[in-house]
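What follows is a single structure, written as structure tokens, with notes after it.
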Amino acid sequence: MIPEDLRYTAEHEWVAGDGSGPVRVGITHFAQDALGDIVYVQLPDEGAAVQAGDSFGEVESTKSVSEIYAPVTGTVVARNEQLADTPEVINTDPYGSGWLVQIAPSDPAALAELLTAEAYRDLTES
């Protein structure tokens, strides 16, 4: 459940895209599984500036509330409005329709600093 074509953070976010345009961001299968049934998601507005490593939202489950951290510095260009009504889609499709936001990175080269699928697998299996 760790797609090879994505990049990852140690805080369990995934990033899709090469930085030539906006990148799509979500939380991993590992994260949604640990959270349990997701009941609410708070996301930043379009146009919001985000800083790599800083919290930009929250995911609330029946068990707890977890911060969502920006994997890259940039500007939010889209948010998944579907999650307002159906946040549980993150549980059923975390790498597809359960995406959170799209960010236009200010430095596309920063994507290379994120974890590869292999490095993320090592992190979650240790």
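The sequence shown begins at 1 in the UniProt record's numbering and counts up one residue at a time. Here a beta-carbon is modelled for each residue, glycine too, at the ideal position from N, C-alpha and C.
With 16 or more other Cβ atoms inside 10 Å of its own Cβ, V23 counts as buried.
The C-alpha of T116 lies about 26 Å from the C-alpha of I38.
Contact between A52 and A70 is confirmed by a C-beta separation of about 6 Å, below the 8 Å threshold. Considering only E88, E118, I103, G21, the residue with the shortest C-alpha distance to F56 is I103. Closest option to E88, judged by alpha-carbon separation, among D45, S61, Y8: S61.
In this structure E58 touches Q42 by the C-beta definition: roughly 4 Å separates them, less than 8 Å.
Note on Y95: 16 or more other CB atoms within 10 angstroms of its CB, so buried under the neighbour-count rule. By the beta-carbon neighbour count (other beta carbons within 10 angstroms, threshold 16), E4 is exposed. When the Cα atoms are used, R79 and S126 turn out to be separated by approximately 32 Å. Boundaries of the alpha helix (DSSP H) harbouring T92: 89-92, taken from the DSSP string. Under a 10 Å Cβ-count criterion, T28 is classified as buried, with 16 or more other Cβ atoms of the shown protein chains found around its own Cβ.
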